[in-house]
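Chemist: For the sequence shown, our numbering begins at 163 and goes up steadily by one. Heads up, the beta-carbon is just placed ideally off N, CA and C, and yes, glycines get one too. Values in this document were obtained by computation on a predicted structure and should not be read as measured data.
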Amino acid sequence: MHPPVTARSTVGAGDSALAGYLLAHSAGELPENCLRQAVAHGSAAASLPGSTVPSLDQTTPAAVAVTPLMVTLPVIEPSAVGSNAGPTAQEEF
Numbered sequence: 163m164h165p166p167v168t169a170r171s172t173v174g175a176g177d178s179a180l181a182g183y184l185l186a187h188s189a190g191e192l193p194e195n196c197l198r199q200a201v202a203h204g205s206a207a208a209s210l211p212g213s214t215v216p217s218l219d220q221t222t223p224a225a226v227a228v229t230p231l232m233v234t235l236p237v238i239e240p241s242a243v244g245s246n247a248g249p250t251a252q253e254e255f
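1) Closest to V173 by CA distance: which of V226, V215, V233, T229 is it?
2) Comparing alpha-carbon positions, which option in A169, P211, V226, G204 lies nearest L180?
3) Run through DSSP, which three-state label would P236 get?
4) With 16 other CB atoms within 10 Å as the buried threshold, where does A224 fall?
5) Exposed or buried, which one is G182 when buried takes at least 16 other CB atoms within 10 Å?
6) Looking at C-alpha atoms only, which residue of P166, T168, A208 is the closest neighbour of D177?
In structure tokens:
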């Protein structure tokens, strides 16, 4: 679990989260590690004053827990467009 953060400013926290995700993604990380890095960057940014951008050493992605979810999504066949019929599939995210 990520350690609690005292929010000082949320300005730029979303941008920092996206930057963390993109850093991990560009390094070839798995999606769950990209999410960890995003949460770590966004949390670090919120704990800093103003719009300060966190450095990598101010982030703790290993402390972020990511739980896989099983989601049932509809599979829409081209022939079923316009109807609600169709099989479903399960994917892990």
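Modeler: The relevant details are as follows:
1) V215
2) G204
3) strand
4) exposed
5) buried
6) Minimum Cα distance to D177 is reached at A208.
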